[in-house]
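Take 431 as the starting number for the sequence shown in my numbering and just add one per residue. One structure below.
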Amino acid sequence: MKPLSPADLVRPMLRQMYPYVPGEQPKIKGLIKLNTNENPYPPAPKVLATVRKAIDGRLRLYPNPTAEELRQKLARLHGCRPENIIVGNGSDELLAMAVRGFVEPLSLSHRARRPSRALVQFFTPSYSLYPVLAEIHGAATNPVPLEPDFKLPELRTLRRDKQWDFGAALTFITTPNAPSGTAYTTTRLQELCRAQRGVVVLDEAYVDFANENALRLALSLPQVLVSRTFSKAYSLCFQRIGYFVGHPELISALHKIRDSYNVNGLGQLAALATLDALPYYRANFRKIIATRDLLSRELGGLGFQVLPSQTNFILARPPGLPASTWLENLRERKILVRWFDQPGIRDYLRITIGTERETETLIGAARKLS
Ligand SMILES: *Cc1c(COP(=O)(O)O)cnc(C)c1O
């Protein structure tokens with residue numbers, strides 16, 4: 431018998447798959463880390479105290495399986511019922527569950543017909559996890575380009591160009607968008623959502639830094655789910671807490687495919703304590719927004735082309751040298767930003783908004799390098 435080859439044990443589709451590539455988390459002393467959109471400010475003191483106090487013998491117990499208390503508190507915050515909410519191990523887990531719950535894996539019969547039931551649709555550029563989730567599930571993807579200035583195409587443009595599928599089983603819309611930082615109005619989103627016959631996930635990971643949010647669409651249109659996370663705005667990436675708001679029918683379908691204890695107990699406690707400290711976080715949003723606007727102006731003055739942002743990062747096209755060279759030059763000065771080797775955004779850097787001091791250092795470095 432032929433010796434066993436471990437690679438043959440892995441599904442062929444997986445052997446050749448490119449995984450999602452998260453931003454680096456280097457451990458370099460003094461590094462100014464502006465590459466993964468983490469919040470530069472720590473969690474509220476009460477959140478840290480709550481987590482510390484919970485670390486004792488109770489860690490042997492399972493946490494609440496449905497994050498019940500957290501869902502109740504979120505429901506009060508959003509003016510809905512706990513049945514409208516599911517909590518995940520970060521919103522990434524819920525995005526994956528949406529694919530598993532609402533999209534058919536691509537079969538031969540789907541390939542023959544129009545594969546709308548097996549289709550995951552999204553605009554490009556947006557969150558690069560979506561196509562990876564579709565591929566893992568064996569679903570088809572429909573990446574549709576945004577307008578050249580990263581604006582949302584008009585409904586009639588989508589109808590005319592025929593590439594957009596109004597029957598797609600699942601459509602992801604990052605709003606405000608990443609990595610462009612562009613905001614879409616709720617009016618435009620509503621128009622688009624109402625035209626869709628499949629599920630639409632509005633991924634609002636950065637919405638706390640924006641002028642408006644589309645939560646009411648999740649509570650008025652049965653096909654719309656809004657995705658939120660404690661990671662970026664609430665300084666809680668480490669704890670992995672995200673949630674969906676939407677129609678109880680969609681939410682209960684997702685509960686069925688959830689791991690029994692998908693949300694860790696310390697994370698649940700940290701998120702609950704966060705909701706008791708909202709004024710602290712709102713003050714941080716204001717600081718980050720002010721720093722973002724200052725950075726945009728300063729870099730603009732140095733010849734960067736900075737896109738208007740409603741997030742905690744900016745997308746900026748640096749002057750002179752290629753963006754990838756800027757990335758390296760900034761790294762030499764211990765400033766880490768993000769560069770995507772992808773069509774349409776190759777000429778840009780994505781820069782997370784740091785503290786005021788970090789931002790001054792960045793502006794100083796940009797001035798020397800330009
Ligand atoms: C960061 C991010 C997420 C994931 O957030 P987690 O809750 O930490 O999993 C989802 N969507 C977008 C667009 C993001 O940028």
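C-beta: ideal position from N, C-alpha, C; glycine also. Keep in mind it's a predicted model, so treat the numbers as computed, not measured.
Option nearest residue i by Cα separation, candidates the options
i: Lys457; options: Lys764, Asp522 and Pro475; result: Lys764
i: Ala497; options: Arg688, Ser546 and Pro561; result: Arg688
i: Ile516; options: Arg768, Leu655 and Leu737; result: Leu655
i: Leu680; options: Gln735, Ala599 and Glu584; result: Ala599
i: Leu699; options: Pro561, Glu790, Arg482 and Val637; result: Arg482
i: Ser665; options: Gly794, Asn643, Ala707 and Pro535; result: Ala707
i: Lys659; options: Phe674, Leu647 and Leu651; result: The amino acid at residue 659 is misidentified as Lys; the sequence shows Thr. Nearest option by C-alpha distance: Phe674.
i: Phe532; options: Ser726, Leu684 and Phe715; result: Leu684
i: Asn467; options: Trp769, Leu729, Phe596 and Glu758; result: Trp769
i: Phe639; options: Pro442, Gln740, Ser546 and Thr571; result: Gln740
i: Gly817; options: Glu577, Leu799 and Leu549; result: Because residue 817 is not part of the residues shown, which for the chain are 431 to 800, the question remains open.
i: Asn641; options: Thr571, Tyr614, Lys686 and Arg618; result: Tyr614
i: Gln735; options: Tyr711, Ser800, Asn572 and Ser546; result: Ser800
i: Pro512; options: Leu649, Leu439, Asn714 and Thr480; result: Leu649
i: His567; options: Val529, Thr755 and Arg780; result: Val529
i: Glu790; options: Gln772, Leu757, Arg727 and Glu523; result: Arg727
i: Asp771; options: Glu786, Pro475 and Ser558; result: Ser558
i: Pro709; options: Pro678, Ala663 and Ala720; result: Ala663
i: His677; options: Ala608, Tyr448 and Ser657; result: Ser657
i: Leu619; options: Tyr636, Asp723 and Leu651; result: Leu651
i: Val637; options: Thr617, Glu621 and Ala608; result: Ala608
i: Gly487; options: Gly731, Met527 and Leu696; result: Leu696
i: Ala713; options: Pro473, Met431 and Met443; result: Pro473
i: Gly672; options: Val477, Leu504 and Asn742; result: Leu504
i: Ile603; options: Glu523, Glu758, Gly518 and Phe553; result: Phe553
i: Pro452; options: Arg761, Asn759 and Asn465; result: Asn465
i: Ala570; options: Gly597, Leu536, Lys686 and Gln653; result: Leu536
Per-residue DSSP class, three states only, for residue i
i: Ser657; result: strand
i: Gln455; result: coil
i: Phe596; result: coil
i: Pro709; result: helix
i: Val637; result: helix
i: Ile485; result: coil
i: Thr554; result: strand
i: Phe674; result: strand
i: Arg547; result: helix
i: Gln740; result: coil
i: Arg768; result: strand
i: Val693; result: coil
i: Lys798; result: helix
i: Val440; result: coil
i: Ile515; result: strand
i: Ile462; result: strand
i: Leu645; result: helix
i: Leu588; result: helix
i: Gln446; result: coil
i: Leu632; result: strand
Residue range of the unbroken beta strand (DSSP E) whose run includes residue i
i: Leu600; result: Leu600 to Thr604
i: Asn572; result: Ala570 to Pro575
i: Ala746; result: Phe743 to Arg747
i: Ile805; result: Given a span of 431 to 800 for the chain in the structure shown, any question on residue 805 remains unanswerable.
beta-carbon residue i near ligand 1 non-hydrogen atom, thresh 8 Å
i: Tyr636; result: yes
Span of the alpha helix (DSSP H) around residue i
i: Phe871; result: Residue 871 lies beyond the range of the chain shown here (431 to 800); nothing can be said about it.
i: Leu504; result: Glu498 to His508
i: Ala625; result: Thr616 to Ala625
i: Leu757; result: Ala753 to Glu762
i: Glu565; result: Leu559 to His567
Nearest-angstrom Cβ-Cβ length linking residue i and residue j, presumed shorter than 8 Å
i: Leu632; j: Thr612; result: Between Thr612 and Leu632 the Cβ distance is about 14 Å, and since that is not below 8 Å, they are no contact.
i: Pro749; j: Gly733; result: 3 Å
i: Leu725; j: Ile462; result: Not really, about 13 Å apart at Cβ, beyond 8 Å.
i: Gln691; j: Pro495; result: In the sequence as displayed, the identity of residue 691 is Tyr instead of Gln. Confirmed, about 6 Å.
i: Glu788; j: Pro470; result: 7 Å
i: Thr704; j: Ile783; result: Wrong, their Cβ atoms sit about 20 Å apart, outside the cutoff.
i: Ser521; j: Pro555; result: Not quite, the Cβ-Cβ distance comes to about 19 Å (not below 8 Å), so this is no contact.
i: Val562; j: Pro449; result: 7 Å
i: Ala746; j: Ile781; result: 6 Å
Closer than 9 Å to chain C by CB, residue i
i: Tyr450; result: Of the protein chains in this structure there is only one, and it is not chain C.
Original post:
Whose beta carbon lies closer than 5 Å to any heavy atom of ligand 2, going through the chain in order?
Top reply: Inclusion of ligand 2 in the displayed structure is not the case, the ligand content consisting of ligand 1 alone.
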